[in-house]
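Heads up: the structure comes next, in structure tokens.
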Amino acid sequence: MLQLEKVGKALAAIEECCGKCAICSPDCPVAIARRSMAGLKYDLEQYEADSQEQP
Numbered sequence: 221m222l223q224l225e226k227v228g229k230a231l232a233a234i235e236e237c238c239g240k241c242a243i244c245s246p247d248c249p250v251a252i253a254r255r256s257m258a259g260l261k262y263d264l265e266q267y268e269a270d271s272q273e274q275p
């Protein structure tokens with residue numbers, strides 16, 4: 221699915237922005253973006269799996 225690939229690329233770009241701090245703050249914009257995109261990726265994967273199960 222094209223959207224899933226784009227989200228994967230976005231997650232990779234977010235990881236490149238991460239400074240790998242010793243303690244990751246929940247207020248960090250990179251951490252917020254990572255959580256948001258990971259949630260979107262999970263939702264897209266679930267949608268894809270559900271749509272493949274139904275005839």
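Remember, our numbering sits 220 above the position in the sequence shown when you count from 1. Using N, Cα and C, we set each Cβ at its ideal position, and we do this for glycine too. Just so it is clear, the structure is predicted and the values come from calculations on it, not from any experiment.
Under 8 Å between C-beta atoms of residue i and residue j
| i | j | result |
| --- | --- | --- |
| Leu231 | Ala258 | yes |
Distance, residue j Cα to residue i Cα
| i | j | result |
| --- | --- | --- |
| Cys248 | Ser256 | 12 Å |
| Glu273 | Leu260 | 20 Å |
| Ser271 | Lys240 | 37 Å |
| Glu265 | Gly228 | 11 Å |
Residue environment, residue i, which counts as buried when at least 16 other CB atoms sit within 10 Å
| i | result |
| --- | --- |
| Ile243 | exposed |
Residue from the options with nearest C-alpha to residue i
| i | options | result |
| --- | --- | --- |
| Cys238 | Lys229, Leu224, Gln274, Ala251 | Ala251 |
| Arg254 | Lys226, Ala233, Glu225, Leu224 | Ala233 |
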